[in-house]
Amino acid sequence: MKKIFLLLIAILPLSCKDFLEEEVVATLTQDYYKTEEGIEALTNGGYESLRFHHNYEWAYALTNYGTDEFTNGGGTDFVIWNTYVAALDPTNGTILAPFFSQMYAQINTANLGIRMVPTVIPAGEKQNTRLGEMYFFRGFSYFNLVMQFGGVPIKLDPDPQTEYTRSSAEEVFQLAISDLRRALDLLPTSVTQNGRLTKYAVQHFLAKAYLTRASELNAAFSKATDLDSATYFADEVILNSTRKLAVDYNDLFRYTAVNGPNEQNAEIILASQFDNTQSQLGRYGNQTHLYFLSIYQNQPGMIRDILNGREFQRLRPTDYALDIYDRANDSRFYKSFKTAYIANNPASLPKWDATNAPTPGQVGQFKFNIGDTSLIYIVNALDDDRFDEAFIKKQAATTMVRTFEGGNGVTTSSFGLSIFPSLSKYIDPFRQSVADQKGTRDGILARLGETYLIAAEAYGRKGEYAKALEYLNALRTRAAYKANEVRSNIYYIAEDLPYGETTSTEASMQATENFFTPGSPETDSEMYPPSATTKESMFIHFMLNERSRELMGELHRWMDLSRTKTLVERAQLFNAEAKPNITEKHNLRPIPQVYFDTNLKNGLPLTPEEKQAEQNPGW
Numbered sequence: 207m208k209k210i211f212l213l214l215i216a217i218l219p220l221s222c223k224d225f226l227e228e229e230v231v232a233t234l235t236q237d238y239y240k241t242e243e244g245i246e247a248l249t250n251g252g253y254e255s256l257r258f259h260h261n262y263e264w265a266y267a268l269t270n271y272g273t274d275e276f277t278n279g280g281g282t283d284f285v286i287w288n289t290y291v292a293a294l295d296p297t298n299g300t301i302l303a304p305f306f307s308q309m310y311a312q313i314n315t316a317n318l319g320i321r322m323v324p325t326v327i328p329a330g331e332k333q334n335t336r337l338g339e340m341y342f343f344r345g346f347s348y349f350n351l352v353m354q355f356g357g358v359p360i361k362l363d364p365d366p367q368t369e370y371t372r373s374s375a376e377e378v379f380q381l382a383i384s385d386l387r388r389a390l391d392l393l394p395t396s397v398t399q400n401g402r403l404t405k406y407a408v409q410h411f412l413a414k415a416y417l418t419r420a421s422e423l424n425a426a427f428s429k430a431t432d433l434d435s436a437t438y439f440a441d442e443v444i445l446n447s448t449r450k451l452a453v454d455y456n457d458l459f460r461y462t463a464v465n466g467p468n469e470q471n472a473e474i475i476l477a478s479q480f481d482n483t484q485s486q487l488g489r490y491g492n493q494t495h496l497y498f499l500s501i502y503q504n505q506p507g508m509i510r511d512i513l514n515g516r517e518f519q520r521l522r523p524t525d526y527a528l529d530i531y532d533r534a535n536d537s538r539f540y541k542s543f544k545t546a547y548i549a550n551n552p553a554s555l556p557k558w559d560a561t562n563a564p565t566p567g568q569v570g571q572f573k574f575n576i577g578d579t580s581l582i583y584i585v586n587a588l589d590d591d592r593f594d595e596a597f598i599k600k601q602a603a604t605t606m607v608r609t610f611e612g613g614n615g616v617t618t619s620s621f622g623l624s625i626f627p628s629l630s631k632y633i634d635p636f637r638q639s640v641a642d643q644k645g646t647r648d649g650i651l652a653r654l655g656e657t658y659l660i661a662a663e664a665y666g667r668k669g670e671y672a673k674a675l676e677y678l679n680a681l682r683t684r685a686a687y688k689a690n691e692v693r694s695n696i697y698y699i700a701e702d703l704p705y706g707e708t709t710s711t712e713a714s715m716q717a718t719e720n721f722f723t724p725g726s727p728e729t730d731s732e733m734y735p736p737s738a739t740t741k742e743s744m745f746i747h748f749m750l751n752e753r754s755r756e757l758m759g760e761l762h763r764w765m766d767l768s769r770t771k772t773l774v775e776r777a778q779l780f781n782a783e784a785k786p787n788i789t790e791k792h793n794l795r796p797i798p799q800v801y802f803d804t805n806l807k808n809g810l811p812l813t814p815e816e817k818q819a820e821q822n823p824g825w
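Using our numbering, the letters of the sequence shown map in sequence onto residues 207 to 825.
Shown next as structure tokens:
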């Protein structure tokens with residue numbers, strides 16, 4: 207009988223830059239893990255497993271698809287995770303089962319390490335660190351499982367089994383938090399190798415776990431002290447760690463070199479480690495660079511290149527994603543989305559003709575040359591009536607306008623399934639070739655910006671709005687345009703501002719309680735759903751908006767909407783493709799069918815009734 211949870215017999219490191227060296231071990235036995243070399247291989251395998259979260263299509267399918275932020279683009283290979291059609295079911299073997307299995311592979315690695323480390327590594331700092339890493343790997347994996355599935359089987363030893371019972375979500379949360387707290391007691395505050403775990407990473411995830419347990423989905427078993435714990439651990443990271451907010455939001459995502467400044471930024475608390483050497487890319491590399499890009503290669507003057515990326519066009523920003531920013535004042539929009547391209551293909555440079563040339567003398571001349579702007583996206587307001595077809599035709603660069611008058615008084619859009627401003631946070635110009643899917647960027651798992659948001663939400667849920675706003679305004683001040691900060695030409699066109707205006711927008715970016723107080727005019731721009739009628743409910747949606755503005759596309763969204771039980775309402779309101787099929791059952795994923803089909807009870811396969819009894823409601 208095939209077993210779901212196998213004894214870990216091989217570590218395939220494919221691993222973290224400077225401290226995870228590739229080591230192919232054909233046959234590993236329990237005796238190998240009785241050596242320090244074996245423990246190091248086991249530990250390296252744990253770090254390597256963190257890369258799973260940025261490896262493949264599950265990176266976005268389980269986190270950003272089917273939410274208010276992103277819907278599907280023209281690349282529809284895994285569109286069922288956005289549309290919630292009937293094909294999204296427990297039998298899914300390309301996204302659901304690999305995620306479930308990988309989390310348990312990581313758990314089994316940790317279980318083996320927890321057993322072996324105390325018997326191999328002498329008592330002291332090194333033993334504490336290795337044991338702390340193992341407890342983190344296990345707690346982190348169970349936290350990921352409970353956020354997706356609710357209750358799951360709990361396994362605390364590495365020995366093969368064939369019979370499992372699903373534990374409750376309450377029990378899984380308790381274990382995850384317990385493991386993280388044990389890791390906190392054991393791990394150091396500083397490390398010499400980038401990518402290693404510290405107490406601050408554990409504190410971040412403890413704060414997040416407590417906040418998640420305190421949220422609406424888990425209200426039946428949350429603890430009265432959860433919000434206090436969330437604020438305590440978040441404050442520890444914010445106030446007492448070496449982590450600091452990046453000076454400029456763009457510093458986090460401006461990828462100028464492999465292992466370069468953005469990957470060493472003090473805001474990053476934990477990142478899965480990737481590199482540009484084949485031995486450390488592993489099977490997939492970081493593939494998130496593929497998924498958020500729209501098609502540009504067929505536009506005049508353009509050809510696909512490494513700099514602009516390979517366009518799988520899986521995720522297209524919703525109107526909510528574009529409009530939740532105060533684009534004139536919040537620099538995070540233009541620092542998160544790519545709105546201009548530079549001509550790179552001499553073979554397709556367009557020429558002016560008699561119908562669109564600004565002057566007769568320009569007819570037959572190139573509209574632009576290599577190195578000039580060739581394609582722009584103007585993200586204007588949906589009620590903006592400044593643009594029309596004549597304007598678009600007179601532009602040298604191919605101009606995609608979100609809303610314009612297309613003739614006969616009909617409002618239309620240049621945007622579509624494959625034509626949209628691309629999220630630019632993952633673009634990777636250091637891949638080995640144009641077609642190479644294996645990306646080299648580190649994958650951020652935790653950064654201080656999110657810690658601020660965790661603290662703010664927890665304080666606000668406690669009614670301490672002034673403290674919540676203190677943390678939120680720290681992020682909003684960072685996000686504001688600074689005096690004399692350079693802004694693109696597109697910014698001035700789209701926002702209808704005087705060209706060259708470079709005054710500070712910090713004052714305009716400060717939030718107050720009015721932003722989530724019913725009846726205040728400041729609520730008008732927050733796109734609150736109909737259910738948000740009280741200050742408390744508006745605050746939750748305000749926090750979700752703040753998380754979008756700060757963390758757009760950073761692989762958190764589905765879990766945020768699930769834990770707050772806002773997934774259905776917000777997806778129906780903002781994601782037209784998700785709206786017809788999403789229901790309350792989608793607040794949790796289905797337990798993969800492979801678990802039921804390979805599990806035994808009293809030595810016998812589960813009956814259909816036993817399988818259904820353990821499945822999540824509605825699946």
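Even for Gly, the Cβ is constructed at its ideal location relative to N, Cα and C.
Query	Result
D525 - DSSP class collapsed to helix/strand/coil	helix
Nearest-angstrom Cβ-Cβ length linking E517 and S500, presumed shorter than 8 Å	6 Å
For Y455 and Y538, believed in contact at Cβ under 8 Å, the rounded distance	According to the sequence displayed, residue 538 carries Arg and not Tyr. Yes, they are in contact, since the Cβ atoms of R538 and Y455 sit about 5 Å apart, within 8 Å.
A382 beta carbon less than 7 Å from that of A349	As written in the sequence, residue 349 is Phe, which differs from the Ala given in the question. Taking 7 Å as the Cβ cut-off, F349 and A382 qualify as a contacting pair.
In DSSP terms, what F572 is bridged to	K557
CB of E783 within 7 Å of CB of T431, strictly	no
Proximity below 7 Å, CB of Q505 to CB of T604	yes
Counted within 10 angstroms of its Cβ, other Cβ atoms place N288 as buried (16 or more) or exposed	buried
CA-to-CA distance, A477 to T404, given in whole angstroms	12 Å
Contact set for K414: own chain, Cβ-Cβ below 7 Å, skip 5 residues either direction	I660
Cβ shell of Q409 (< 8 Å), same chain only, five flanking positions each side left out	L390, F439, A440, E442, V443, S447
Per-residue burial, P219 [other beta carbons within 10 Å of its own, 16 or more giving buried]	The predicted position of P219 is uncertain, since its pLDDT is 31 and thus under 50; a value taken from the coordinates is nonetheless stated next. P219 comes out buried.
Option in E691, D511, G669 with minimal Cα separation from L640	A quick correction: the sequence has Val, not Leu, at residue 640. Ranking E691, D511, G669 by Cα distance to V640 puts D511 first.
Nearest candidate by alpha-carbon position, reference I475, set Y665, V800, G401	G401
For M606, the residue or residues it bridges with in DSSP	Y583
Coil, strand or helix - P364 by DSSP	coil
DSSP three-state assignment for Y547, whether helix, strand or coil	strand
Under the three-state DSSP convention, the category N278 falls into	strand
Exposure label - L392; buried when at least 16 CB within 10 Å	buried
Own chain residues within Cβ distance below 7 Å of Y239, not counting five before or after	I245, L248, L318, M322
Residue environment, Q571, which counts as buried when at least 16 other CB atoms sit within 10 Å	exposed
First through last residue of the beta strand (DSSP E) which encompasses L651	649-653
Whole-angstrom distance between V585 and R372, CA atom to CA atom	48 Å
Whole-number beta carbon distance between F498 and R647, since they are thought to touch under 8 Å	The Cβ separation is near 13 Å, so there is no contact.
Which residues DSSP lists as bridging E719, in chain order	Its beta-bridge partners do not exist; DSSP assigns none.
Distance between D578 and P566 (C-alpha atoms, nearest Å)	22 Å
With 16 other Cβ atoms within 10 Å as the buried cut-off, status of A705	Residue 705 is actually Tyr in this sequence, not Ala. Exposed, since its Cβ has fewer than 16 Cβ neighbours within 10 Å.
Closer than 6 Å: T289 CB and nearest the ligand ADP heavy atom	Ligands are entirely absent from the displayed structure, and the ligand ADP is therefore not among its contents.
Residue closest to G488, alpha-carbon to alpha-carbon, out of G251, A452, G466, S421	G251
Outcome for G613 when other beta-carbon atoms lying within 10 angstroms are tallied against a minimum of 16	exposed
Own chain, CB closer than 7 Å to K771, minus 5 neighbours either side, in chain order	E422, L423, N793
Contact under 7 Å by Cβ, A563 with E701	no
G759 (DSSP reduced to helix, strand or coil)	coil
Stretch-stretch touch, CB-based, cutoff 8 Å, three pairs: the segment 713-733 with the segment 671-683	yes
Minimum Cβ-Cβ distance from I245 to chain D less than 7 Å	The structure shown contains no chain D; it is built from a single protein chain.
Own chain partners of G824 with C-beta closer than 6 Å, once the 5 adjacent residues on each side are dropped	K791
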